[in-house]
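*Asks:* Structure below; questions to follow.
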Amino acid sequence: MMKKLSVPVAAVVLVTGLAGAAGASVPSPATAPRRDAAAPSGVLDPGPYHRRLDPLVGTWKAVKTNYILGGGKPVVSRDITVRTRWIGKTGGRFLEERTEGTLAGNHYYRLGILGFSNIDRRYEWTTFDSVTPVAMTYRGKPVTGTPSVLSIPGEFTDPGLLGPRYYGKTIPMRTVISLPRNGHPTFDLYFTPPGQKERLADRVVYTRRIR
Numbered sequence: 032m033m034k035k036l037s038v039p040v041a042a043v044v045l046v047t048g049l050a051g052a053a054g055a056s057v058p059s060p061a062t063a064p065r066r067d068a069a070a071p072s073g074v075l076d077p078g079p080y081h082r083r084l085d086p087l088v089g090t091w092k093a094v095k096t097n098y099i100l101g102g103g104k105p106v107v108s109r110d111i112t113v114r115t116r117w118i119g120k121t122g123g124r125f126l127e128e129r130t131e132g133t134l135a136g137n138h139y140y141r142l143g144i145l146g147f148s149n150i151d152r153r154y155e156w157t158t159f160d161s162v163t164p165v166a167m168t169y170r171g172k173p174v175t176g177t178p179s180v181l182s183i184p185g186e187f188t189d190p191g192l193l194g195p196r197y198y199g200k201t202i203p204m205r206t207v208i209s210l211p212r213n214g215h216p217t218f219d220l221y222f223t224p225p226g227q228k229e230r231l232a233d234r235v236v237y238t239r240r241i242r
């Protein structure tokens, strides 16, 4: 009798699990794990590594220099506005960056999400923009101390930005974020095309905060 019931029971469990995953985005109170049982103390809350990102918060004027789109000649945009805020609905765990202006004569827009994983002890950075039709995702190495410069590596599939021969190739990349406490934050983006050395692709320098 037990052997005859095992398959239907398993099927019911599987179907129930799939239905719950597809139909509910928030676990019910009866099944939701207790906060204090789900993770060690402090893991779920923003901490000092999140606070290290506070100098980025605000509305800024910035200068953007791109070394890819100009065919070897830097393209400089001086009308860039950067708006950065903590996303309250995430519990203040993630920064939202919205950058707008012009680039090479065209409207430019970028949405970026920056956060710190207490579990992995690393910074994580993802951007979506009006130039590249793919998400640019970065995952840093574990950090210690109080970093003033964040180096966050990643990779992307080139849609042809680096030339026809790199189309569809996986390109290693790295974003370097400088976080001076009383200065001008800087975002540097580096690409490493196959068979070549790493090279600077893009730089954004925050020039002044708009009150």
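Under my numbering, the first residue of the sequence shown is numbered 32, with each subsequent residue one higher.
Glycine included, every Cβ here is placed at the ideal spot set by N, Cα and C.
Just so you know, these numbers come straight off a predicted model, no measurement behind them.
#1: Quick check on residue 141: buried or exposed, where buried means 16 or more other Cβ atoms within 10 Å of its Cβ?
#2: Since residue 209 sits in a beta bridge, which residues does DSSP pair it with?
#3: For residue 151, which three-state DSSP category applies?
#4: Tell me the rounded alpha-carbon separation between residue 240 and residue 132.
#5: Taking contact to mean 3 or more Cβ pairs, one atom from each stretch, closer than 8 Å, check whether the stretch 162-173 and the stretch 113-129 are in contact.
#6: Identify the residues that DSSP records as bridge partners of residue 129: which are they?
#7: Work out the CA separation of residue 100 and residue 79 for me, nearest whole Å.
#8: Applying the 10 Å Cβ sphere with the 16-neighbour rule, what's the burial state of residue 196?
#9: Use the C-beta contact count for residue 103: other C-beta atoms within 10 angstroms, 16 or more gives buried, fewer gives exposed.
#10: With distance defined between alpha-carbon atoms, name the residue in 213, 216, 217, 193 nearest to residue 230.
#11: Identify whether residue 185 lies in helix, strand or coil by the three-state DSSP scheme.
#12: So residue 98 is in the alpha helix (DSSP H); what residue range does that whole segment cover?
#13: Measuring only the C-alpha atoms, how far is residue 139 from residue 150?
#14: Is the separation between the beta-carbon of residue 206 and that of residue 220 shorter than 7 Å?
#15: For the alpha helix (DSSP H) holding residue 80, just list the boundary residues, first then last.
#16: Could you please give me the residues that DSSP links to residue 89 through a beta bridge?
#17: Put residue 234 into one of helix, strand or coil per three-state DSSP.
#18: How would you call residue 61, buried or exposed, if buried means at least 16 neighbouring beta carbons within 10 angstroms?
#19: Using three-state DSSP, classify residue 124 as helix, strand or coil.
#20: Decide if residue 38 is buried, meaning its Cβ has at least 16 other Cβ atoms within 10 Å, or exposed.
#21: With distances taken between CB atoms, is the gap from residue 173 to residue 152 smaller than 7 Å?
#22: Just how far apart, CA to CA, sit residue 127 and residue 222?
*Replies:* Quick look at the numbers:
#1: Start at 1 with the first residue of the sequence shown, and residue 141 comes out as number 110. Residue 141 is buried by the Cβ-count criterion.
#2: Walking along the sequence shown from the start, residue 209 turns up at place 178. Answer is 180, 217, bridged to residue 209.
#3: Within the sequence shown, residue 151 is the residue found at index 120, counting from 1. DSSP places residue 151 in coil when its eight states are reduced to three.
#4: Within the sequence shown, the letter at position 209 stands for residue 240. Within the sequence shown, the letter at position 101 stands for residue 132. Whole-angstrom Cα-Cα distance: 16 Å.
#5: no
#6: Numbered from 1 along the sequence shown, position 98 holds the residue referred to as residue 129. 114, 142, per the DSSP bridge assignment.
#7: Along the sequence shown, one-based indexing puts residue 79 at 48. Along the sequence shown, one-based indexing puts residue 100 at 69. Cα to Cα, residue 79 sits roughly 37 Å from residue 100.
#8: Residue mapping note: residue 196 aligns to position 165 of the sequence shown, counting from 1. Residue 196 is exposed by the Cβ-count criterion.
#9: Residue 103 sits at position 72 when you count from the first residue of the sequence shown. Exposed is the call here.
#10: To locate residue 230, count along the sequence shown from 1; it is residue 199. Nearest option by C-alpha distance: 193.
#11: On the sequence shown, position 154 is the one that residue 185 refers to. In the structure shown, residue 185 sits in a strand (DSSP, three-state: E or B).
#12: Translated into the one-based positions of the sequence shown, residue 98 becomes position 67. Here residue 98 belongs to no alpha helix (DSSP H), and DSSP marks it neither H nor E.
#13: The count along the sequence shown starts at 1 and reaches residue 139 at position 108. The count along the sequence shown starts at 1 and reaches residue 150 at position 119. Roughly 34 Å separates the two Cα atoms.
#14: Position 175 of the sequence shown, counting from 1, holds the residue named residue 206. Position 189 of the sequence shown, counting from 1, holds the residue named residue 220. Taking 7 Å as the Cβ cut-off, residue 206 and residue 220 qualify as a contacting pair.
#15: Within the sequence shown, numbered from 1, the residue matching residue 80 stands at position 49. Looking at the DSSP string, the run of the alpha helix (DSSP H) that includes residue 80 is 79-82.
#16: Reading the sequence shown from its first residue, position 58 is the one you call residue 89. For residue 89, which the question treats as bridged, DSSP gives the partners 115.
#17: On the sequence shown, position 203 is the one that residue 234 refers to. Strand at residue 234.
#18: On the sequence shown, residue 61 is found 30 positions in, with the first residue counted as 1. Unreliable positioning characterises residue 61 in this predicted model, as indicated by a pLDDT of 41, which lies under 50. A coordinate reading is not provided.
#19: One-based indexing of the sequence shown puts residue 124 at position 93. In this structure, residue 124 counts as coil in the three-state DSSP scheme.
#20: Numbered from its first residue, the sequence shown carries residue 38 at position 7. Confidence is the limiting factor: at residue 38 the pLDDT is only 42, short of 50, which leaves the residue's position unreliable, though a coordinate-based value still follows. Answer is exposed; the Cβ neighbour count stays below 16.
#21: Indexing the sequence shown from 1 puts residue 173 at position 142. Indexing the sequence shown from 1 puts residue 152 at position 121. Closer than 7 Å, so yes.
#22: If you number the sequence shown from 1, residue 127 lands on position 96. If you number the sequence shown from 1, residue 222 lands on position 191. About 23 Å.
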